[in-house]
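Below is one structure, written out as structure tokens; comments come after it.
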Amino acid sequence: MVRNRCSCARGCVRPTVPVTDLESQIMKAVALTGPQRLEVIDVPSPKLSSDKDVLLKIERVGVCGSDLHYFEHGRIGSRVVRPPFIPGHECSGIVVEIGAAVTRVKQGQRVAVDPAMSCGHCDQCLSGRPHTCRNLRFLG
Numbered sequence: 001m002v003r004n005r006c007s008c009a010r011g012c013v014r015p016t017v018p019v020t021d022l023e024s025q026i027m028k029a030v031a032l033t034g035p036q037r038l039e040v041i042d043v044p045s046p047k048l049s050s051d052k053d054v055l056l057k058i059e060r061v062g063v064c065g066s067d068l069h070y071f072e073h074g075r076i077g078s079r080v081v082r083p084p085f086i087p088g089h090e091c092s093g094i095v096v097e098i099g100a101a102v103t104r105v106k107q108g109q110r111v112a113v114d115p116a117m118s119c120g121h122c123d124q125c126l127s128g129r130p131h132t133c134r135n136l137r138f139l140g
């Protein structure tokens, strides 16, 4: 049996278990399943759906104010979440796969995700201020 060193500070040794085809199609996620209720659930493993997509192996996730509002109240302002909801739109990780049209990142590169998505067309975006976009949306 092959053994791998764990990445924890103790450097434990754990056996490597072969991954089945079905196991490679699902992954675990922490999901908000109701107000003040988190559960570990199985979700489909993400796949690239466009030639502009980037697939990350998430390594760190920040908990921000909106995540706390979702946890405490199930909503933030008029936005009500529908369970199961996976929080954690502020994250970093390693690029594991890129679409054919992606040129700004490479496989194996460490990246941080900016969850703000500007429209690129409003006066704010066109004047070089996408962070004040009039149509700003957020991941998560």
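94 is the number that the numbering used here gives to position 94 of the sequence shown; each next residue is one higher, with no gaps. All residues carry an ideal CB built from backbone N, CA and C; glycine is no exception.
Q. How would you label Ile-98, buried or exposed, when you count the other beta carbons within 10 angstroms and need 16 or more for buried?
A. On the sequence shown, residue 98 is found 98 positions in, with the first residue counted as 1. Label assigned to Ile-98: buried.
Q: State the DSSP-derived secondary structure class of Pro-46, mapped to helix, strand or coil.
A: The residue given as residue 46 occupies position 46 in the sequence shown. In this structure, Pro-46 counts as coil in the three-state DSSP scheme.
Q. Would the beta-carbon of Cys-91 fall within 8 Å of that of Val-43?
A. Here residue 91 corresponds to residue number 91 of the sequence shown, with the count starting at 1. Here residue 43 corresponds to residue number 43 of the sequence shown, with the count starting at 1. In terms of Cβ geometry, Cys-91 and Val-43 do not form a close pair [threshold 8 Å].
Q. Once you ignore the five residues that flank Asn-135 on each side, which residues in its own chain have a CB closer than 7 Å to its CB?
A. In the sequence shown, the residue the question calls residue 135 occupies position 135. Within the same chain, Asn-135 has close Cβ partners Cys-119 and Cys-122.
Q) Per DSSP, which one or two residues make a beta bridge with Cys-91? A) Reading the sequence shown from its first residue, position 91 is the one you call residue 91. Answer is Val-61, bridged to Cys-91.
Q) How would you label Asp-67, buried or exposed, when you count the other beta carbons within 10 angstroms and need 16 or more for buried? A) Numbered from 1 along the sequence shown, position 67 holds the residue referred to as residue 67. Around the beta carbon of Asp-67, 16 or more other beta carbons sit within 10 angstroms, so the residue counts as buried.
**Q.** Cβ neighbour criterion (16 or more within 10 Å) applied to Val-63
**A.** Within the sequence shown, numbered from 1, the residue matching residue 63 stands at position 63. By the Cβ-count criterion, Val-63 is exposed, with fewer than 16 other Cβ atoms from all chains shown falling within 10 Å of its own Cβ.
Q: Would you check if the region 99-117 and the region 79-86 touch, i.e. whether three or more CB-CB distances between them fall below 8 Å?
A: Segments in contact, no.
**Q.** 8 Å Cβ cutoff met for Thr-33 and Pro-84
**A.** The sequence position of residue 33 within the sequence shown is 33, counting from 1. The sequence position of residue 84 within the sequence shown is 84, counting from 1. Yes, the pair counts as a contact, with Cβ atoms nearer than the cut-off.
Q: In angstroms with no decimal places, state the Cα-to-Cα distance between Ser-127 and Val-95.
A: Position 127 of the sequence shown, counted from the start, is the residue given in the question as residue 127. Position 95 of the sequence shown, counted from the start, is the residue given in the question as residue 95. Each residue's alpha carbon lies about 30 Å from the other.
Q) When DSSP labels each residue in this structure, what does Leu-139 get in the three-state scheme? A) Position 139 of the sequence shown holds residue 139. In this structure, DSSP gives Leu-139 a state outside helix and strand, which the three-state scheme calls coil.
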